[in-house]
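Protein chains in written order, with numbering that gives the first Met the number 0: chain A, 0 to 282; chain B, 0 to 319; chain C, 0 to 240.
Okay, structure first, notes after.
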Amino acid sequence: MADVLASGLLNGLVYALIAMGLALIWGIMDVINFAHGEFLMIGMYTAFWLYTLFGLDPVSTFPVAMIVLAFIGFGTYHLIIRHIMTGPPIVQILATFGLSLLLRQLAFLFFSPNYRSLPHTLVHGSLRVAGVQFGLPQAVTAAAALVAAAALFYAIYRTRWGLALLTVAEDRETASLMGVDPGRVNAQVWMVGSAAVGLAGALMTMFFYVFPGVGFNFSLLAFVAVSLGGFGSMLGAFIGGVIIGLVQSLAGFYLDPALQNAVVFGMFLLVLWLRPQGLFGRW
Amino acid sequence: MVSARARNLALLGALVALLIAFPFVVRGAYPKQVAILVLLYGALGSAWNVVGGYVGRISLGHAAFFGIGAYVTMWLMTAQHITPWIGMAVGSLGAAGLALLIGWPTLRLKGHYFAMATIALGEVLRIVFNDWAFVGGASGLEAPIHVSWATLTFRSQTPYYFIALAFAVLTAGLVAFYVEGKAGYYWQAIRGDESAAASLGVDTARYKMNGLVLSAGVTGLWGGFFAVHVGFVNPDSVFDILISVQMVLVAVLGGIGSLVGPWLGALILLPLGELTRVALGGSGRGVDLLLYALVIVLITVLQPGGILALWRRHGTPRGS
Amino acid sequence: MALLEVRDLTKAFGGLLANDHLSFDVEEGEVLALIGPNGAGKTTLFNCITGQSRPTSGTVAFHGRDITGRAPSATARAGLMRTFQIPRSFTQMSVLDNVMVGALLWERRVGPARERASSVLEMVGLEDRRYVPAGSLNVAGRKRLGLARALATRPTLLLLDEVAGGLNPTEVEALLQVLDRIHGSGVTLVLVEHVLEVVMRMARRVLVLDYGRLIAEGAPGDIVHDDRVIEAYLGRRHAAG
Numbered sequence: 000m001a002d003v004l005a006s007g008l009l010n011g012l013v014y015a016l017i018a019m020g021l022a023l024i025w026g027i028m029d030v031i032n033f034a035h036g037e038f039l040m041i042g043m044y045t046a047f048w049l050y051t052l053f054g055l056d057p058v059s060t061f062p063v064a065m066i067v068l069a070f071i072g073f074g075t076y077h078l079i080i081r082h083i084m085t086g087p088p089i090v091q092i093l094a095t096f097g098l099s100l101l102l103r104q105l106a107f108l109f110f111s112p113n114y115r116s117l118p119h120t121l122v123h124g125s126l127r128v129a130g131v132q133f134g135l136p137q138a139v140t141a142a143a144a145l146v147a148a149a150a151l152f153y154a155i156y157r158t159r160w161g162l163a164l165l166t167v168a169e170d171r172e173t174a175s176l177m178g179v180d181p182g183r184v185n186a187q188v189w190m191v192g193s194a195a196v197g198l199a200g201a202l203m204t205m206f207f208y209v210f211p212g213v214g215f216n217f218s219l220l221a222f223v224a225v226s227l228g229g230f231g232s233m234l235g236a237f238i239g240g241v242i243i244g245l246v247q248s249l250a251g252f253y254l255d256p257a258l259q260n261a262v263v264f265g266m267f268l269l270v271l272w273l274r275p276q277g278l279f280g281r282w
Numbered sequence: 000m001v002s003a004r005a006r007n008l009a010l011l012g013a014l015v016a017l018l019i020a021f022p023f024v025v026r027g028a029y030p031k032q033v034a035i036l037v038l039l040y041g042a043l044g045s046a047w048n049v050v051g052g053y054v055g056r057i058s059l060g061h062a063a064f065f066g067i068g069a070y071v072t073m074w075l076m077t078a079q080h081i082t083p084w085i086g087m088a089v090g091s092l093g094a095a096g097l098a099l100l101i102g103w104p105t106l107r108l109k110g111h112y113f114a115m116a117t118i119a120l121g122e123v124l125r126i127v128f129n130d131w132a133f134v135g136g137a138s139g140l141e142a143p144i145h146v147s148w149a150t151l152t153f154r155s156q157t158p159y160y161f162i163a164l165a166f167a168v169l170t171a172g173l174v175a176f177y178v179e180g181k182a183g184y185y186w187q188a189i190r191g192d193e194s195a196a197a198s199l200g201v202d203t204a205r206y207k208m209n210g211l212v213l214s215a216g217v218t219g220l221w222g223g224f225f226a227v228h229v230g231f232v233n234p235d236s237v238f239d240i241l242i243s244v245q246m247v248l249v250a251v252l253g254g255i256g257s258l259v260g261p262w263l264g265a266l267i268l269l270p271l272g273e274l275t276r277v278a279l280g281g282s283g284r285g286v287d288l289l290l291y292a293l294v295i296v297l298i299t300v301l302q303p304g305g306i307l308a309l310w311r312r313h314g315t316p317r318g319s
Numbered sequence: 000m001a002l003l004e005v006r007d008l009t010k011a012f013g014g015l016l017a018n019d020h021l022s023f024d025v026e027e028g029e030v031l032a033l034i035g036p037n038g039a040g041k042t043t044l045f046n047c048i049t050g051q052s053r054p055t056s057g058t059v060a061f062h063g064r065d066i067t068g069r070a071p072s073a074t075a076r077a078g079l080m081r082t083f084q085i086p087r088s089f090t091q092m093s094v095l096d097n098v099m100v101g102a103l104l105w106e107r108r109v110g111p112a113r114e115r116a117s118s119v120l121e122m123v124g125l126e127d128r129r130y131v132p133a134g135s136l137n138v139a140g141r142k143r144l145g146l147a148r149a150l151a152t153r154p155t156l157l158l159l160d161e162v163a164g165g166l167n168p169t170e171v172e173a174l175l176q177v178l179d180r181i182h183g184s185g186v187t188l189v190l191v192e193h194v195l196e197v198v199m200r201m202a203r204r205v206l207v208l209d210y211g212r213l214i215a216e217g218a219p220g221d222i223v224h225d226d227r228v229i230e231a232y233l234g235r236r237h238a239a240g
């Protein structure tokens, strides 16, 4: 039982990081990136190929994944998001959804649909601490996620850069009157949010299968986490992620591993129906 | 001088005549199969459009209704030996029932949240059905091969085509009836400004629900048809999010919020998809989906109004 | 029994009393003006009456029946209509279709609704722009559209929130004629207005609100000279009598 909780917590911390990347973009720009999971997939493939082609371990190549994703985030913002930001919700939803499908199919085409994994990463095996068993790669990833989350928090709430972000989120026009360039802030938000998910993806290759369709589920889980925590709340997204990890793990244990996501999504529907503003929501 | 209405009806009549003549003019099963797909997705797009284009809520989980219709029809046929003619109707009711169940809490949600809720719903159904022995789990249900009108099993595509055509006319007529009537105005008002609509006496909750139930019922009916046409159902084939996406795509491509749009979109998209799949052979489903994705992204960035908007720019503006 | 009876209506936002124990009647067939400085609580009052907001306490009765806190769609069906300070047209729909949404409240079928909508458009002077998308109208046009839309629902009592706001003198004159026609057709009017000309020419009775309270009531000519009113608008120094 303790093992189940440990696994859930560790997964949850990773979900938390993924969710925070989404929450950042959502909170500052009111745009939901339906391709967030595919960004994760790209992070995973980046680490996978660097390992397979050059023998470089994910624990050393995750910065590369972060940079790759930052570029992709930047590109996405300039090529797509910028044009659809002021439009009706359907255009926003379809644009990022279309992007997710595009990225997935491109991966399908170029990387083949096979499930890949990294057999002998530097960090491997499991650990037993105080009678609780958990995987070492999971633990390392979770620790990295925690550090990244803390860094994000600090950056947003304790730096001038973060203040600029929050100002744009609050009132775009006033922010620009005060010398903050909303366009630049938007691009930066996309870069940082994407980089965060790139980090998660790269490290996850140590213990998760890599395949083109891996993104969809994580997109959904990220939405659930952010919605649970409440729109606009980074802390909420973090806590939401952890809760999901735990619920998923417990559901898999008590019911059926095949049904664990159904439980998470079912919980999501209940939250939307009963308390749409989530735990810390602003509306 | 012929009135616009008379002219439109004449065009419609000519179109229907053409459609009826089609299977006799064209040889081979494949064109008819594609035509059936066009009718299927034109209708699904129309049904989706009621909620997406008129009421203004973007659903990315309509496959949930489609799948329910498909499973109910197939289960009644295989387990209870009930003819699909009744099964499809029950499936339609089942889908409508699902809409009634989840409609009230879900329709309260704003734009993005509604979309996510529908995705979640579709996924929950897919996962649950995948694990549920009663409906065959991952393998699903398969119809026994017994050719007859009662079991809706035929060797040729032609009977399927005519059934699809009849259903398509029914769908188009039903949707047009509601859209041109009081409901249509109220739906558009709700989409425009829900609170202002309420201040004019519109019972917004009821009309949103009506739209969803209509949309779901029609979608469920076609789900049932799909099941008997293909001969089997399984979770991945009927609860797939790509079905939901394709429904949205034909409507958006053709012109969201118009009666003709979804049919136009289906007419363009389905043959295109089939063409790429055939032309690129082994790549299989990969490339046609890639094409869809490109179309979606390009449409949303360049011309959200769809093809109809492009056409209207060059034509004369029509009165309301 | 008055058409509308407001008793002790209070709306609090946290510690702030936007409406503070307001009590007044609206008699059938009259034109009542509601004036007061910005922030006096006039729009909030409308919201509480028609149901966009729920009053914290107090009652609203219409035709003798209690409608306190009932939803806007219900009050609309009872014959109580309001327009919005910032017009909320259905921008993607044509002018005619906008008004039809109102007309469909009582006309069950589209044909008769269209006729009613057309005649309402003629009454407010928008019939020449009936096929224009509402989003392309200017402010004056949208205010008129809001008026037409509300009228189409066959209201007994019409609450107009700054319907003359932002209009130039020519437009105000045209609006006054429209309002005359509407009043003449039997609709009771309550106007929230800053444009004094409208108040003076239309209203037989004026209520003055300040900081959520009713501070004066009377004929337009008297109210303008009332010390309390002047003080509310301009501050203590200017009250000279």
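Don't be surprised by glycine CBs; every beta carbon is placed ideally from N, CA and C.
Per the coordinates, the alpha-carbon of V171 (chain C) lies some 11 Å from the alpha-carbon of E161 (chain C). For the segment 194-215 of chain B, the set of residues with a beta-carbon nearer than 8 Å to any beta-carbon of chain C comprises S194, A195, A196, A197, S198, L199, G200, V201, D202, T203, in chain order. Neighbours of M92 (chain C) across chain B, judged by C-beta separation under 7 Å: Q187, G191.
At a beta-carbon threshold of 9 Å, the residues of chain A lying near D130 (chain B) are D255, A257, L258, A261, ordered along the chain. D24 (chain C) has C:E4 as its beta-bridge partners, per DSSP.
Burial is judged here by how many other beta carbons sit within 10 angstroms of a residue's own beta carbon; V277 (chain B) has fewer than 16 and is exposed. The Cβ atoms of G231 (chain A) and I24 (chain A) do not sit closer than 8 Å to each other. The three-state secondary structure of T58 (chain C), taken from DSSP, is strand. The C-beta of F96 (chain A) has 16 or more other C-beta atoms within 10 Å across all chains shown, which makes the residue buried. For M99 (chain C), the neighbours in chain B by C-beta distance under 8 Å run, in chain order, Y184. Checking the DSSP bridge columns, you'll see R159 (chain A) has no partner listed. If you look at T187 (chain C), you'll find it in the beta strand (DSSP E) that goes 187-191. Around the C-beta of L227 (chain A), 16 or more other C-beta atoms lie within 10 Å, and the residue is accordingly described as buried. Burial check for N37 (chain C): the Cβ neighbour count within 10 Å stays below 16, so the residue is exposed. Annotation for R276 (chain B): no beta strand (DSSP E) segment contains it, though the alpha helix (DSSP H) segment containing it runs 260-278. Look at M65 (chain A) here: in three-state DSSP terms it is helix.
One thing to note: A141 (chain A) has its Cβ within 8 Å of the Cβ of L9 (chain A). Between I57 (chain B) and A114 (chain B), the CB-CB gap stays under 8 Å.
Judged by DSSP secondary structure, D221 (chain C) falls within the alpha helix (DSSP H) whose first and last residues are 219-224. Here DSSP, grouped into helix, strand and coil, assigns M80 (chain C) to strand. Proximity of A116 (chain C) to chain B, defined by a Cβ-Cβ separation below 8 Å, is not satisfied.
Assignment of D19 (chain C) by DSSP, reduced to helix, strand and coil, places it in the strand class. Secondary structure of T74 (chain C) (DSSP, three-state): helix. G139 (chain B) sits buried, since 16 or more C-beta atoms from the chains shown fall within 10 Å of its C-beta.
In summary, F176 (chain B) is exposed, with fewer than 16 beta-carbon neighbours lying within 10 Å of its beta-carbon over all protein chains present.
The three-state reading of DSSP puts D170 (chain A) in coil, since its state is none of H, G, I, E or B. In this structure, V212 (chain B) sits away from A116 (chain B), with a CB-CB distance that is not shorter than 8 Å. Beta bridge pairing from DSSP links Q132 (chain A) with A:R127.
Pairwise C-beta distances place the segment 193-201 of chain B out of contact with the segment 162-178 of chain B, as fewer than three of them are shorter than 8 Å.
Under the criterion of beta carbons closer than 8 Å, V237 (chain B) and G216 (chain B) do not qualify as touching, at roughly 16 Å. Linking F47 (chain A) to M205 (chain A) through their CA atoms gives a straight-line distance of about 9 Å.
Inclusion of I181 (chain C) and L150 (chain C) in the CB contact set at 8 Å is warranted, their separation being smaller than that value.
Taking all protein chains shown into account, N7 (chain B) has fewer than 16 neighbouring C-beta atoms within 10 Å of its C-beta and is therefore exposed.
Per DSSP, A137 (chain B) is not a residue of any beta strand (DSSP E), being assigned neither H nor E.
Proximity to T157 (chain B) across B:A9, B:F21, B:G12 peaks at B:F21, based on C-alpha coordinates. Here A257 (chain A) carries a helix assignment [DSSP, helix/strand/coil].
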